[in-house]
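Student:
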Amino acid sequence: MRVVLAAAVCAMLAPITPAQAQEAWPQRPVTIIVPFAAGGSADLLARILQQHLQAKFATPFVVENKSGAGGSIGTGFVAKAQPDGYTLLVGTVSSIAINSFLYTKLNFDV
100 MRVVLAAAVC AMLAPITPAQ AQEAWPQRPV TIIVPFAAGG SADLLARILQ
150 QHLQAKFATP FVVENKSGAG GSIGTGFVAK AQPDGYTLLV GTVSSIAINS
200 FLYTKLNFDV
């Protein structure tokens, strides 16, 4: 019972901890990867998102299309990118979940 009470107290106090000193994001251009060909619905969504993000953050957001293998090429590219928040993915269920059942070897881990 003491452990549960201690966990509850910690959970209640966690939101009032001071914020960590983190640098502002973004400090440099951000790449949005679309794992499908240009002109499709995912590409259209990414370009609309790009306009809104550029307006909000006053930083360039670049849309890159890396199509092929049902979205696996672009998804794998993002999975292997530096985990710093400057490479984003406009993914779909097919490029992330379904491809793991269709292809025996993917270049990323789901």
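Each residue of the sequence shown is one higher than the last, beginning at 100 in this note's numbering.
Every residue, glycine too, gets a C-beta built ideally from N, C-alpha and C.
This one's a predicted model, so the numbers in the text were calculated from it and none came from an experiment.
Under a Cβ-count criterion, where at least 16 other Cβ atoms within 10 Å of its own Cβ denotes burial, should Pro159 be classed as buried or exposed?
Tutor: Exposed, by the Cβ-count rule.
Student: Reducing DSSP to helix, strand and coil, say where Asn164 ends up.
Tutor: Note: Asn164 maps to strand in three-state DSSP.
Student: What is the residue span of the alpha helix (DSSP H) that Leu201 lies within?
Tutor: Leu201 -> alpha helix (DSSP H) spans 198 to 201.
Student: Tell me the rounded alpha-carbon separation between Phe200 and Asp208.
Tutor: Distance between the alpha carbons of Phe200 and Asp208: 12 Å.
Student: Does the ligand MG have even one heavy atom less than 7 Å from the beta-carbon of Ala106?
Tutor: In the structure shown, the ligand MG is absent, as is every other ligand, since no ligand is present at all.
Student: Secondary structure at Phe133, three-state DSSP: helix, strand or coil?
Tutor: According to the sequence as given, residue 133 is Val; it is not Phe. In this structure, Val133 counts as strand in the three-state DSSP scheme.
Student: Looking at the unbroken beta strand (DSSP E) that takes in Leu148, where does it start and where does it end?
Tutor: Leu148 -> not in any beta strand (DSSP E); alpha helix (DSSP H) instead, spanning 140 to 156.
Student: State buried or exposed for Thr203, treating a residue as buried only when at least 16 other CB atoms are found within 10 Å of its CB.
Tutor: Thr203 should be labelled exposed.
Student: Applying the criterion that 16 or more other CB atoms from any shown protein chain within 10 Å of the CB defines a buried residue, is Ser194 buried or exposed?
Tutor: The residue in question, Ser194, is buried, as its Cβ has 16 or more Cβ neighbours within 10 Å.
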